[in-house]
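In what follows, a structure is listed as structure tokens, so that the remarks can point back to it.
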Amino acid sequence: MYRLFIPLLVLASLNGCGTDDSDAISTSAAGPEAPRFTLLEAAATGIDFRNDLTEGPNTNILMYEYFYNGGGVAAADFNGDGLTDLYFTANMGENKLYLNEGNFRFRDVTAVSQTAGRPGPWKTGVAVADVNADGRPDLYLSYSGMLPPDKRRNQLFINGGTDGNGVPRFREAAAEYGLDAPAFTNQAYFFDYDGDGDLDALLLNHNPKAMPILNPEKTQQLLEVPDPERGLRLYRNDKLRFTDVTEEAGINGSALSYGLGVGLSDLDGDGDTDIYVSNDYEVPDYLYVNNGDGTFTDRLGEGMGHTSHFSMGSDIADVNNDGLPDIYTLDMLPADNARRKLLAADDNRSKHDLNLASGFHHQNMRNMLQLNQGDGTFAEIGQLAGVAATDWSWSALLSDLDNDGRKDLHVTNGYLRDYTNLDFIKYMEDFVARRGRLQRSDVLELLQEMPASEVSNYAFRNDGDLSFTDVTAQWGLQRPSNSNGALTVDLDNDGDLDLVVNNLNQPAFLYRNNTAEAHYLQLELQGASPNTASIGARVTLDFDDATQFQEFYPNRGYLSSGPQLLHFGLGARTRVPRLTVQWPGGGVQTLTDVAANQRLVLSESEATDSPPEVAATSPYFTPALAPVSFTPASTSLRDFDRQPLLPRQLSPGGPVFATGDLNADGREDLLIADAGNRPIQRYLQNANGTFTRGNLPTLDGDSEHRITTLEIADLNGDGSPDVYVGRGGYHALTAESPELADRALLNDGRGNFRVATDLLPDLITPTGAIAIHAAESGATHIFVGGHSLPGRYPAAAPSYLLRADGGGSYSRLSSPTLDALGMVTDAAWHDLDDDGSAELIVVGEWMPVTVFSLSGDEITNVTDQYFDASPRGWWTTLHLEDLNGDGRTDLVVGNEGTNNLYNVTSETPAVLSYADRDNNGSVDPLFSYYLDGKLYPDLTRDELLNQLSGQRSRFPNYRSYSPVTTEELQSGLPGEGRELTADRLETTLFLRQASGKFAPDPLPVQAQFAPVRTILTLDANGDGHRDMLLAGNETAARVRYGPADANTGVLLLGRGDGTFRYVPQAQSGLNLRGSVRAATRLGDHFLFGVGKSDVIAYQLTSS
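The working numbering puts the first residue of the sequence shown at 179, with every later residue one more than the last.
In structure tokens:
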């Protein structure tokens, strides 16, 4: 949730009152006439529950920021009649228990069952668990709110069995069990954390007050002080008396706690329950890994590159059927352009840097899908999957809603008033400035000005390829609401999952699922006492070509708790070849040839199998001690201060590698460079494989700049390898900075170098790439690719061609076709047409893959001879090799990938227009991308007005700006802008066809997880086929884009025909973190240059 910091400081004085399944079948609804879900009316079902809120001077969002967070739903067979009953929580009113009487008819038995809870506020979440181990489901009700402690004591309703009318009778016993904590509790979770067989309890508490802006020292002080009322609390079950063991177990229970959700799962497969905590505001999420000895360790920083910022609800499930539980967290990023522009965004770089300095992790305001990689790490792919933006969201449910064997996604959505509406925030700031100290009567006046909105919940169909499709309308779920807790549950025992939703200020939703064309299997697990519901059980269905995996943890759906049942959709399959249950007590039960379309009851007492032995396998790569050491330079410059509309920082670069035999001893040596005002490091290889480090001569130029490329070649024709040093950067440079002139280092033949002062022409231009072509007969040509001009991104410096003139120096050739080539990132010479003369292939940002022919000194663009339509991309690196064994050279070109919000295709390209709109000498880049079929500017109104204050009259408020398209915006901007486009962001394999032209061929989707900056080829498995290792990432992007860090080293095994298979990280052994900018193979070592890190080394396990 987004904080209104300034106004709340004034209001504070008023507080104090209280993987692909080949047998999956299409289960899409036939059309609008037959939606998958039907909303049932209260008059028909008997469920008339409403969670109504009454706003007043003391009861409103300005007094209590969790006022609109809503209530939950619980589902269980409370009276043992085989039908699942429902329980709803109301924040201010009476909770309701409804008994299921079949055929979607329910009876309100709240009063008789004595489960209404205390009168008045503030009831929150509900948990179902057999707390006293008598075989009947009990209810644990949580309380919070700005209330005295006794009104916040949680309640435990023990199920005493049914009366003569079949109504379950409950008694309140929280104090008896030690669970009547007077905390600010959102939800309780029952599970066996210490492996002793009974159910322990975790209370997700929260701080009801705004998180202050803290310095790093104060933050650490607060984190070290336990706060039992506000902090997360873990209770150990000591013979039905619960004891607080939070700090003893290694859980942080300080006042810096803003938890809104907990996911439970055995995330690392070691048999113990791990905990994922979703924290609101600046406090990062926690990834508590169970150590198996009663303690936990937070592994968030090691396991995840970044998380949601304002984390709300979450769910954990295996979304890609690889047998590993994945984590999905919700945030507040709207799906549509207008609301993204109207509501407060998350792009405060100073605040972000302060959070990092305070020891917090990288956080960004959007939903995150953390894909479990099986090695303790997660790849965040929410944008690639299409589930990153669902507005102000609460409940996430990963369940198979169409019975096709893949887990779909349902998200509840909405906030009763647009608390982060930027026009309201401005109104509120002005209101406070006018009134000074506010009175309670002022609060109601402010509330009337806070806009109200209702948005729809979302449903996404899992497409089986790590992508989801929005089917909300198609499935009959498109309707406005402000929804919170939710559950998927089979209420009519027909084999599909119905949907129950708790709403604010309107009746609860009960949707009947109409799926009939696919098969299913349901499991009811009867555990051994005292864990009678077998919480923590793991179930695997194995098919010949697919696997399904689920764990049983009933708390799901935000403030909610689901039925004691596992549901598997089977698609077209009618039998399950193998079903395995790993029971919480350690036993294993295996069934074979299980028939579909039944509810199977299994008992832990029948578990007679031994735990399966996992065959030990060696990964392809193992970490190694790097034979060389190099620490990249860092810069304190913030490029956004110079060009506020940059998409990313340009000054941070990373190491640059070059390899060659520098001293003629027959061994390959290594050069590493990064900052231009530091000497290039030379590593000469010794006979025993070690390296001797030394410096190359220092180059001219004291200002911060970067060495962007190194090329080793004989530049002066003496037979010894020299070094061409390409220089560039952004920093505080100008287009005339002398540090931008490239340099040459000449070798005396023994590995000693000197700066050549007269070899290269003194051309001042930022260099992006170098390609050197030494023809067998004729002069050496050097292509120098220009990159962006400092302070004027994306305006590019000219590229040019140098030719050795035979007199010991190079001169620039006239080549107009290269002058406006673009921001070049890589280039290579290769004879593509087998005529004995090499062509030049060039790639770059916002550029097509471009091919030139060279005839004498004349260079000609011949791209059309090699591409039907060369795609424009944000190309980063280029690799040439025959990858399908047909004798023709293929291309692999690194690109941005598709794990972003930009929706780039040939029909919906990304667009970058640029001009010096305000005549201040700096270029203003305007980035746009398509959303819902229209091209919208990415920049916010604040960013626009900070650059072009004259636009204020066009857009006097945020609402006026929120619907504006790029065309509408540009029509009123001063100056004439230039335009760049990109219509392909996929890292792409271009296979050479018999016609001589290149055609794109798909790579595994993992190649698109993040930007690819380096490409290595090898034969990792010794099968004679070329494999690929892709690395990269981007960690210097704008805050609202966030880091792109889901590539931890992608190993793709080649089949020899131009197709590749992704190797999961646990099998590849790779775990490259950060921004990889260089890679090379040196002997037995694979070396990676990473920004802000020493050189990382791996070895092939077989080597």
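C-beta atoms are modelled at their ideal positions from N, C-alpha and C, and glycine is treated no differently.
Legend entry - His883, DSSP secondary structure in three states: The count along the sequence shown starts at 1 and reaches residue 883 at position 705. It is coil, neither helix nor strand.
Legend entry - Inter-residue Cα distance where the pair is Gly844 and Arg1191: Translated into positions along the sequence shown, residue 844 becomes position 666. Translated into positions along the sequence shown, residue 1191 becomes position 1013. Gly844 and Arg1191: Cα-Cα distance of roughly 29 Å.
Inset, instruction - Taking the CB atoms as reference points, tell me whether Gly479 and His530 lie closer together than 8 Å. - result: Indexing the sequence shown from 1 puts residue 479 at position 301. Indexing the sequence shown from 1 puts residue 530 at position 352. Not closer than 8 Å, so no.
Inset, instruction - Compare the Cα-Cα distances from Met546 to each of Ser659, Pro1180, Glu1212 and Ala1222 and report the closest residue. - result: Reading the sequence shown from its first residue, position 368 is the one you call residue 546. The candidate whose alpha carbon is nearest that of Met546 is Ala1222.
Inset, instruction - Count the CB pairs spanning the stretch 578-585 and the stretch 742-760 that are closer than 8 Å, and state whether there are at least three. - result: Enough Cβ pairs lie closer than 8 Å, so yes.
Legend entry - Of the residues Glu702, Arg756 and Ala694, the one placed nearest Asp722, counting alpha carbons only: Within the sequence shown, residue 722 is the residue found at index 544, counting from 1. Selected option, being the one with the closest Cα: Arg756.
Inset, instruction - Note down, in chain order, each residue of its chain lying with its Cβ closer than 7 Å to the Cβ of Tyr355, except the 5 sequence neighbours on either side. - result: Taking the first residue of the sequence shown as position 1, residue 355 is located at position 177. The residues are Val309, Leu334, Leu418, Arg419 and Phe420.
Legend entry - Residue closest to Asn281, alpha-carbon to alpha-carbon, out of Arg613, Glu784, Leu549 and Asp676: For the purposes of this step, residue 281 is identified with residue 103 of the sequence shown, where counting begins at 1. The residue with the shortest Cα to Cα distance from Asn281 is Asp676.
Legend entry - When Gly765, Glu729, Pro972 and Ser707 are compared against Ala311, the one with the closest alpha-carbon: Here residue 311 refers to the residue found at position 133 of the sequence shown. Considering only alpha carbons, the answer is Ser707.
Inset, instruction - Could you check if Pro346 is buried or exposed, using at least 16 other CB atoms within 10 Å of its CB as the buried criterion? - result: Within the sequence shown, the letter at position 168 stands for residue 346. Buried is the call here.
Inset, instruction - At 4 residues or longer, and completely inside the stretch 698-744: list those alpha helix (DSSP H) runs for me, N to C. - result: none
Inset, instruction - List in chain order: all unbroken beta strand (DSSP E) runs of 3+ residues lying wholly within the stretch 450-481. - result: Fully contained in the stretch 450-481 are the following beta strand (DSSP E) runs of length 3 or more, in chain order: 452-457, 464-468 and 474-476.
Inset, instruction - Classify Gly560 as helix, strand or coil using the three-state DSSP reduction. - result: Position 382 of the sequence shown holds residue 560. The three-state secondary structure of Gly560, taken from DSSP, is helix.
Inset, instruction - Would you decide whether Asn343 is buried or exposed? Buried here means 16 or more other CB atoms lie within 10 Å of its CB. - result: Along the sequence shown, read from residue 1 onward, the residue named residue 343 stands at position 165. Flag for Asn343 reads exposed.
Inset, instruction - Would you tell me roughly how many angstroms separate the C-alpha atoms of Ala202 and Gln656, rounded to the nearest one? - result: The residue you call residue 202 lines up with position 24 of the sequence shown. The residue you call residue 656 lines up with position 478 of the sequence shown. Since pLDDT at Ala202 reaches only 45, below the 50 mark, its modelled position is unreliable, and the value read off the structure follows with that caveat. Rounded to the nearest angstrom, the two C-alpha atoms are 26 Å apart.
Inset, instruction - Starting from Gln333, follow its DSSP beta bridges and name the residues at the other end. - result: Within the sequence shown, residue 333 is the residue found at index 155, counting from 1. Beta-bridge pairing links Gln333 to Leu319.
Inset, instruction - Give the straight-line distance between the Cα atoms of Arg777 and Gln365, rounded to the nearest whole angstrom. - result: Counting from one through the sequence shown, the residue named residue 777 turns up at place 599. Counting from one through the sequence shown, the residue named residue 365 turns up at place 187. Their backbone Cα atoms lie some 30 Å apart in a straight line.
Legend entry - Where Pro1087 falls, given that 16 or more other Cβ within 10 Å makes a residue buried: Against the sequence shown, residue 1087 aligns to sequence position 909. Buried.
Legend entry - Same chain, Cβ closer than 7 Å to Leu624, five either side skipped, listed in chain order: Counted from its first residue, the sequence shown places residue 624 at position 446. Excluding positions up to five away in sequence, the list reads Leu240, Met606 and Phe609.
Legend entry - According to DSSP, residues forming a beta bridge with Gln652: Stepping through the sequence shown from its first residue, residue 652 is reached at position 474. Per DSSP, Gln652 has no beta-bridge partner at all.
Inset, instruction - Might you give, ordered along the chain, the residues of its own chain that have their beta carbon closer than 6 Å to the beta carbon of Gly1227, omitting 5 neighbours on each side? - result: The count along the sequence shown starts at 1 and reaches residue 1227 at position 1049. The residues are Ala1209, Leu1248 and Leu1250.
Legend entry - Residue environment, Thr868, which counts as buried when at least 16 other CB atoms sit within 10 Å: The sequence position of residue 868 within the sequence shown is 690, counting from 1. Exposed: under 16 other Cβ atoms inside 10 Å.
Legend entry - 8 Å Cβ cutoff met for Gly872 and Gly854: Reading the sequence shown from its first residue, position 694 is the one you call residue 872. Reading the sequence shown from its first residue, position 676 is the one you call residue 854. Against a cut-off of 8 Å, the Cβ pair of Gly854 and Gly872 comes out as no contact.
Legend entry - Beta-carbon spacing of Leu967, Ala973 below 8 Å: Working through the sequence shown from its first residue, we reach residue 967 at position 789. Working through the sequence shown from its first residue, we reach residue 973 at position 795. For the pair Leu967 and Ala973, the CB atoms are nearer than the 8 Å cut-off.
Inset, instruction - Please classify Arg816: does DSSP put it in a helix, a strand, or coil? - result: The count along the sequence shown starts at 1 and reaches residue 816 at position 638. It is coil, neither helix nor strand.
Inset, instruction - Could you check the C-alpha separation between Ala220 and Lys1112 for me, to the nearest Å? - result: As a first step, residue 220 is located in the sequence shown; it is residue number 42 there, counting from the start. As a first step, residue 1112 is located in the sequence shown; it is residue number 934 there, counting from the start. When rounded, the distance between both Cα atoms is 40 Å.
Inset, instruction - Mind checking which residues open and close the alpha helix (DSSP H) that includes Thr995? - result: Here residue 995 refers to the residue found at position 817 of the sequence shown. Here the alpha helix (DSSP H) through Thr995 covers Pro994 to Asp997.
Legend entry - Expected contact under 8 Å - CB spacing of Leu874 and Arg860 to nearest Å: Counting from 1 along the sequence shown, the entry for residue 874 is found at position 696. Counting from 1 along the sequence shown, the entry for residue 860 is found at position 682. Going by Cβ atoms, the distance from Leu874 to Arg860 rounds to 5 Å, so yes, they are a contact pair.
Legend entry - Coil, strand or helix - Gln130 by DSSP: Nothing can be reported for residue 130: it is not among the residues displayed for the chain, which extend from 179 to 1281.
Inset, instruction - Take Ser204 and list the residues in its own chain whose beta-carbon comes closer than 7 Å to its own, dropping the five residues that flank it on each side. - result: Counted from its first residue, the sequence shown places residue 204 at position 26. Caution applies to Ser204, whose pLDDT of 42 falls short of 50 and renders its modelled position unreliable; the value that the coordinates give is listed next. Excluding residues within five positions, none has a Cβ falling inside 7 Å.
Inset, instruction - Kindly identify the DSSP beta-bridge partner or partners of Arg595. - result: Here residue 595 refers to the residue found at position 417 of the sequence shown. Paired residue(s): Ala630.
Inset, instruction - Determine, using beta carbons only, whether Arg1218 and Asp525 come nearer to each other than 8 Å. - result: The count along the sequence shown starts at 1 and reaches residue 1218 at position 1040. The count along the sequence shown starts at 1 and reaches residue 525 at position 347. Yes. Within cutoff.
Legend entry - Of the listed residues Gln700, Asp787, Tyr798 and Ser738, nearest to Arg753 (C-alpha basis): Stepping through the sequence shown from its first residue, residue 753 is reached at position 575. Selected option, being the one with the closest Cα: Gln700.
Legend entry - Whether Arg214 touches Asn692 by CB criterion (8 Å): For the purposes of this step, residue 214 is taken as the residue at position 36 of the sequence shown. For the purposes of this step, residue 692 is taken as the residue at position 514 of the sequence shown. Annotated as proximal: Arg214 and Asn692, with beta-carbon spacing under 8 Å.
Legend entry - Cβ-Cβ distance between Leu1117 and Leu823 below 8 Å: In the sequence shown, counting from the first residue as 1, residue 1117 sits at position 939. In the sequence shown, counting from the first residue as 1, residue 823 sits at position 645. Yes, these two residues count as a Cβ contact at 8 Å.
Inset, instruction - Could you tell me the distance, in whole angstroms, from the CA atom of Leu849 to the CA atom of Leu893? - result: Taking the sequence shown and counting its residues from 1, one reaches residue 849 at position 671. Taking the sequence shown and counting its residues from 1, one reaches residue 893 at position 715. When rounded, the distance between both Cα atoms is 17 Å.
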